[in-house]
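Residue numbers 20 to 834, in my numbering, belong to the letters of the first sequence in order.
Even glycine gets a Cβ: it sits at the ideal position worked out from N, Cα and C.
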Amino acid sequence: MESYDFKKIEKKWAQKYEEFSGYRGIDVENDKEKFYMLTEFPYPSGSGLHVGHAFAMTAADVYARFQRMQGKNVMFPMGWDAFGLPTENFAIKSGKNPKEITKEVTDNFRYQMKNLGFSFDWDREINSTSPEYYKWTQWIFTKLFEKGLAEKKEMPINWCPKDKIGLANEEVIDGKCERCGTEAEKRTISQWVVKITDYADRLINGLYDTEFIEKVRAAQINWIGKKEGVKIRFKIKNKEIIGWIPDQVGNDSKEADFDIDEIEVFTSRPDTLEGATFLVLAPEHPIVQELRNSRTQELKKIEEFLASIKNKTEIERTDLTKEKSGVFTGLTAINPITGKEIPVWTADYVLMSYGTGAIMAVPSHDERDKEFALKYKLPVDDEYIPDEKMIGEVIRRGVGDKAVTYHLRDWIFSRQHYWGEPIPMVYCENCAMDVVDTGGRGGPPLQGGWQVVPLEQLPVVLPEVEKYLPTDTGESPLANIKEWVETTCPKCGGKAKRETDTMPNWAGSDWYFLRYCDPHNTDVLADQKKMEYWLPVDVYVGGDEHNTLHLLYSRFIYQFLWDLGVVPKNIPEPYKKRVSHGVILGPDGNRMSKSKGNVIVPDEFVEKYGADSLRTYLMFMGPFDATMAWNERSLIGVKRFIEKFYNLIGTYAGKDTVSDVESKRILNKLIKRADENLVAFKFNTVIAKLMETVNALSKPGFRVNADDLGSMIKVLAPFAPFVAEELWEKIGGEFSLHGQPWPEVDEKYLVDEKVKVSVAINGKMRAVIEVAAGAEESEVVTLAKLEEKVAKYLNEGKILKTIYVKDRMLNFVME
RNA sequence: GCCGAGGUGGCGAAAUGGUAGACGCACUAGCUUUAGGAGCUAGCGGGAGCAAUCCCGUGGAGGUUCAAGUCCUCUCCUCGGCACCA
């Protein structure tokens with residue numbers, strides 16, 4: 020038999036698999052159990068598929084192949100999540116069209132994936148940037164709007180004053196613009212916001228219908244961060260300082276835009292209310308903002324303070340190790356229980372996005388409040404005792420109500436960028452006049468003029484532009500295309516303007532798993548019957564970085580579609596099981612990055628050692644969810660194993676018709692281990708067992724027939740599909756190995772005739788004896804006492820008791 | 001800071017509360033004379049000993065148990081996520 024020629028083998032079978040139907044999921048095959056295996060569709064970047072992708076996808080592929088061999092109808096699809104900043108930035112730099120860039124890059128990714136032998140169902144390939152796909156992404160948004168879950172709001176963004184563009188968090192390095200180094204600012208602009216918070220409770224409760232690994236479930240629950248407590252209202256004593264605004268001359272005064280005579284705080288510890296000695300407002304709190312228009316004596320200090328914290332991130336502001344800063348607002352409030360007058364401050368450590376944006380400070384109880392009180396010499400009340408009955412008291416007196424707050428915030432859905440789905444909305448001045456919707460505050464109508472683009476007019480196709488850079492005003496470059504912006508109102512037919520913001524990357528990935536069920540449908544996002552068959556996703560493999568945002572957004576969208584009746588009523592949650600994969604570090608033990616020059620690209624190693632070796636190595640590196648450093652020597656070791664396997668089959672093939680009992684034992688133990696560990700994503704130990712098996716059977720004296728060799732090849736098949744197929748052919752198997760049933764364990768070969776029992780004295784191992792399997796305690800004790808070493812220790816004292824664990828160990832407890 | 005995960009040989013790692021270090025890499029010795037990242041045999045946690053064997057050993061300190069890497073308490077350290085990267 021010739022030696023292992025991976026290039027020849029992989030080329031030969033890759034060609035055959037192009038025509039192979041066994042990797043296609045069959046839409047509605049009721050005779051078979053379905054299995055929907057999903058792995059995150061990648062963002063196709065210019066540098067190609069890297070080894071991290073290869074790792075996650077190999078694991079998913081191994082699992083999908085294993086499920087297929089269990090006789091299931093497996094859907095294992097792949098696609099491209101191709102909208103996003105890196106492509107846009109590359110387009111800006113190179114002047115190339117993002118559409119063309121995406122085409123080149125996805126072609127490369129697909130080629131790499133095929134080289135790696137992934138058994139994706141390519142008939143279901145999707146691309147989030149194709150109009151046929153984003154038509155439905157847009158449609159979902161129109162539904163969100165119609166159901167009142169999307170609205171325009173003033174929201175802060177990072178802003179570079181020099182480049183005059185909005186910046187992503189990632190583009191702000193140490194508070195500076197990544198491109199030009201200018202200090203970034205916070206700026207408020209009108210943005211689309213989606214009210215995911217309306218679904219907060221359902222997003223928590225739904226988790227109990229899933230089998231997510233505990234870590235992921237915890238991540239989601241913590242992210243939603245539900246906290247029950249009380250909202251307490253503190254009367255403002257001197258509200259007149261807010262309500263007084265100077266006119267242009269500076270003499271007369273007029274009323275503020277809104278009237279406020281109390282401050283509402285949220286607390287999860289109302290029992291400490293008596294100890295509240297001051298209040299703190301978030302700097303963004305409307306009262307603080309209103310004070311800036313007033314002529315309070317503190318104005319200058321307030322302005323200085325606001326300027327000083329303007330560019331701090333929330334993480335910096337809430338970091339307990341960093342010094343807090345704040346300033347007195349000039350306002351005085353009244354503690355509703357003690358009746359005492361307490362000062363109102365504003366400080367960076369209170370966030371507008373949580374609770375009511377205001378807290379009651381209890382320095383005697385809360386570390387942060389204490390630190391702040393000490394720094395600014397604010398009163399501390401050490402005397403009071405927290406009182407459980409305070410909740411009742413607060414409610415009875417009408418100064419507060421039970422309330423729930425969430426860490427989860429509404430989802431900012433607008434991006435002022437080109438390379439995203441256009442938000443399918445049109446603003447009509449004319450219609451705006453008809454609707455009096457002032458957002459409750461007076462002023463111009465907010466939502467009334469917005470009209471959704473109806474389904475018949477979808478998709479709103481992303482137009483070609485000259486320049487991909489955002490405009491000077493921070494608007495998307497789409498704003499420069501007059502003929503596109505100017506349109507007619509779908510409601511009144513008059514002149515109207517299109518929204519020029521695009522959607523965030525998440526929009527396309529929220530629902531992609533639905534589209535895989537029916538990727539070519541032109542009438543609906545996917546056919547109900549098909550979704551009913553395939554859903555829920557049985558296993559979803561992804562990274563930790565997506566365990567909160569992507570996973571939560573996508574569960575939210577699913578629940579929303581469920582409410583609309585668009586997805587099957589009997590399936591309330593989209594994903595049955597979520598598992599998160601580990602990370603591959605560079606050879607130097609650091610995270611892979613271009614700047615460190617430690618990025619591993621799989622192609623090179625496919626070329627050098629073959630896809631089978633690479634895949635098997637990736638699965639052998641360590642636990643599926645661990646962080647592991649790349650090591651080429653180890654990969655070479657795995658290749659040696661595959662060569663050994665190849666040679667082993669070669670020496671046995673066709674020689675014997677009967678396997679000996681010892682070989683049967685070894686093989687059945689292998690299958691048992693593979694069964695148990697594959698289900699549990701413990702791939703590394705399956706490969707270790709395969710290695711042990713090959714090592715054992717490579718020793719002389721074994722007889723193994725073709726059937727048993729076949730079983731062994733089947734265990735290898737999910738990991739090293741090409742060479743396994745080749746070996747399967749060599750032993751006379753029928754194409755394709757990957758459609759064959761998984762081998763069954765023959766229980767009778769799992770029982771050994773003799774077992775090794777370790778003998779301990781007072782818990783210390785002193786000897787190992789061989790006894791017949793299933794031997795009784797008395798028998799084993801007798802045998803153990805015959806052992807010279809054991810007898811020596813037993814002679815030294817009295818046996819108090821013996822403990823025997825069948826077929827495993829015997830412990831003599833002595834004085 | 002908050003939340004989460006994790007600390008086991010020179011390295012990657014195995015271990016239903018029951019012989020710690022399976023399997024792989026590296027290394028050492030011997031064989032083989034091997035064009036191509038070779039192959040085979042043996043060894044390989046630390047210490048003592050010619051040896052049989054004995055002692056120590058899973059970040060650290062306590063505890064539970066006949067028995068602890070595994071369970072409990074405290075502690076130290078490392079890594080990951082943190083809402084406009086995807």
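CB contact flag (Ala326, Met371, <7 angstroms): No; because the gap between Cβ atoms is not below 7 angstroms, this pair is not in contact.
Could you tell me whether the segment 184-204 touches the segment 484-493, using the rule of 3 or more Cβ pairs below 8 angstroms? Yes: the two stretches touch, three or more of their Cβ pairs being nearer than 8 angstroms.
Closest by CA to Asn257, which one among Asp228, Gln316, Glu230? Nearest option by C-alpha distance: Gln316.
Out of curiosity, what's the CA-to-CA distance linking Glu564 and Glu123? One Cα belongs to Glu564, the other to Glu123, and the distance between them is close to 27 angstroms.
Any chance you could list the alpha helix (DSSP H) runs of at least 4 consecutive residues sitting entirely within the segment 641-728, in chain order? Segments of the alpha helix (DSSP H) lying fully in the segment 641-728: 651-671, 680-698, 702-716.
Hey, how far is the Cα of Glu37 from the Cα of Phe139? Glu37 and Phe139 have their C-alpha atoms spaced approximately 11 angstroms apart.
Entirely enclosed alpha helix (DSSP H) segments - the segment 326-393, minimum 4 residues: Those alpha helix (DSSP H) runs which fall completely within the segment 326-393 and span 4+ residues are 333-337.
Tyr153 and Glu483: beta carbons closer than 7 angstroms? Cβ atoms of Tyr153 and Glu483: not closer than 7 angstroms.
Residue environment, Glu815, which counts as buried when at least 16 other CB atoms sit within 10 Å: A residue is called buried once 16 or more other Cβ atoms fall within 10 Å of its Cβ, and Glu815, having fewer, is exposed.
What are the start and end residues of each continuous beta strand (DSSP E) run of 3 or more residues lying completely inside the segment 576-637, in chain order? Look at the segment 576-637 and you find these whole runs of beta strand (DSSP E), each 3 residues long or longer: 594-600, 602-604.
For Met784: DSSP bridge partner residues: The bridge partners DSSP lists for Met784 are Ala779.
Grouping DSSP H, G and I as helix and E and B as strand, with all else coil, what is Pro496? Three-state DSSP puts Pro496 in a helix.
Just to confirm, is the Cβ distance from Leu57 to Val556 under 7 angstroms? At a Cβ-Cβ threshold of 7 angstroms, Leu57 and Val556 count as neighbours.
In this structure, how does DSSP classify Gln86 when only helix, strand and coil are distinguished? Residue state, collapsed to three classes: helix.
Within 10 angstroms of the Cβ of Ala645, are there 16 or more other Cβ atoms? Answer buried if so, exposed if not. Flag for Ala645 reads exposed.
When you compare the CB positions of Val560 and Ala79, do they come within less than 7 angstroms of one another, or not? A contact, by the Cβ cut-off of 7 angstroms.
Roughly how many angstroms lie between the CA atoms of Phe639 and Asn617, to the nearest whole one? About 21 angstroms.
Can you give me the start and stop residues for the beta strand (DSSP E) that Gly185 sits inside? 184-186 is the extent of the beta strand (DSSP E) around Gly185.
Which same chain residues, not among the five before or five after Tyr23, have their C-beta less than 6 angstroms away from its C-beta? Around Tyr23: Glu662, Tyr665.
How about Leu819 and Val832: are their beta carbons less than 7 angstroms apart? Yes.
State the start and end residues of the unbroken beta strand (DSSP E) segment that holds Lys408. For Lys408, no beta strand (DSSP E) segment is defined, and its DSSP state is neither H nor E.
Can you pull the DSSP bridge partners for Phe324? Its beta-bridge partners do not exist; DSSP assigns none.
According to the Cβ coordinates, are His600 and Gly41 closer than 7 angstroms? The answer is no: Cβ separation not under 7 angstroms.
Exposed or buried, which one is Val284 when buried takes at least 16 other CB atoms within 10 Å? Label assigned to Val284: buried.
Determine the direct distance from the alpha carbon of Ile251 to that of Lys359, and round the result to whole angstroms. Taking the Cα positions, Lys359 is about 15 angstroms away from Ile251.
Coarse secondary structure for Met97, derived from DSSP in three states: Coil, per DSSP.
Could you compute how far the alpha carbon of Val91 sits from the alpha carbon of Leu697? First, the residue type needs correcting, since residue 91 is Lys and not Val in the sequence shown. Lys91 and Leu697 have their alpha carbons spaced roughly 15 angstroms apart.
Distance between beta carbons of Tyr531 and Gly136, contact taken as under 8 angstroms: With 8 angstroms as the limit, Gly136 and Tyr531 do not qualify as a contact, their Cβ atoms being about 23 angstroms apart.
Cβ neighbour criterion (16 or more within 10 Å) applied to Asp622: Buried, since its Cβ has 16 or more Cβ neighbours within 10 Å.
Buried or exposed, going by whether 16 or more other CB atoms sit within 10 Å of the CB of Ile732? It is buried - the Cβ of Ile732 has at least 16 other Cβ atoms within 10 Å.
State whether the segment 597-613 contacts the segment 100-110, with contact taken as three or more CB pairs (one from each stretch) at a distance under 8 angstroms. These segments do not touch.
Straight-line Cα distance separating Ala786 from Leu802: Distance between Leu802 and Ala786, taken at the CA atoms: about 11 angstroms.
Pro719 versus Thr670 - alpha carbon distance: Straight-line spacing of the CA atoms in Pro719 and Thr670 works out to 11 angstroms.
Pull up the distance between the alpha-carbon of Tyr823 and that of Ile780, whole angstroms please. One alpha carbon belongs to Tyr823, the other to Ile780, and they sit about 12 angstroms apart.
May I ask you to report which of helix, strand or coil DSSP gives Gly269? Bear in mind that the predicted position of Gly269 carries a pLDDT of just 47, short of 50, making it unreliable; the figure below should be weighed with that in mind. Coil, per DSSP.
With DSSP as the reference, label Ile442 as helix, strand or coil. Correct three-state label for Ile442: coil.
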